[in-house]
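Take a look at the structure set out below.
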Ligand SMILES: NC(=O)c1ccc[n+]([C@@H]2O[C@H](COP(=O)([O-])OP(=O)(O)OC[C@H]3O[C@@H](n4cnc5c(N)ncnc54)[C@H](OP(=O)(O)O)[C@@H]3O)[C@@H](O)[C@H]2O)c1
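Structure representation (structure tokens):
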């Protein structure tokens, strides 16, 4: 089973200059809680942006160019990444834009934090068709502990 997890600004932006544009503790905690114990699949740029493997998760880096990366499985394609795990394992696609664009059509579940603010950035989440998805949970925050704008943590499942 393939799940996408992402935080997206109102205008679709997810990052700039290979880093995130916001720091929302509640969202980071949610990301950790949801993904820990599961495999995470990411593009090479996202791995470089994180700078280290995420603890407590099997880290898979998709790249046509990278050599070995300590603490990660490096694979040459997304097919190779997903083939590493049984079909009933929840595998999390954690970015970035290139990888989301190639997996939004095959994902079963979408964990999306919608940040209710526009940001300028160079990478965006692909346009997704909401009619193909059913909202299964949402939690709204008027602001974060240290973040000034509202955001909503939502989970969608693909309508079969
Ligand atoms: N807001 C969020 O939730 C969130 C989450 C994650 C990332 N981000 C942001 O997204 C940005 C990074 O996204 P990005 O689109 O630049 O990069 P990316 O998707 O993380 O990585 C792109 C790289 O992945 C490899 N790749 C992509 N498709 C492949 C395929 N089919 N087979 C083999 N390798 C493949 C290529 O590596 P090679 O060049 O080595 O072949 C490619 O250059 C950053 O700003 C980051 O902060 C945001």
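In my numbering, the protein residues as written are 53 to 212. A virtual CB, placed ideally from N, CA and C, is assigned to each residue, including glycine.
Residue 111 is classed as buried because its beta carbon has at least 16 other beta carbons within 10 Å across all chains shown. In this structure the segment 162 to 174 touches the segment 67 to 79; the number of beta carbon pairs closer than 8 Å is three or more. Taking 7 Å as the cut-off, the C-beta of residue 71 counts as close to a heavy atom of ligand 1. For residue 158, the number of other beta carbons within 10 angstroms of its own is below 16, and it is reported as exposed.
The nearest non-hydrogen atom of ligand 1 is 7 Å or more from the C-beta of residue 166. The DSSP assignment places complete alpha helix (DSSP H) segments of no fewer than 4 residues inside the segment 101 to 142 at 130 to 135, in order along the chain.
Boundaries of the alpha helix (DSSP H) around residue 153: 149 to 155. Straight across, the Cα-Cα distance linking residue 95 with residue 133 is about 11 Å. In summary, residue 89 is exposed, with fewer than 16 beta-carbon neighbours lying within 10 Å of its beta-carbon over all protein chains present.
At least one heavy atom of ligand 1 sits closer than 7 Å to the Cβ of residue 118. When DSSP states are grouped into helix, strand and coil, residue 192 belongs to the strand group. Going by DSSP, residue 78 is part of the alpha helix (DSSP H) stretching over 77 to 87. Between residue 190 and residue 206, the alpha-carbon positions lie close to 4 Å from each other.
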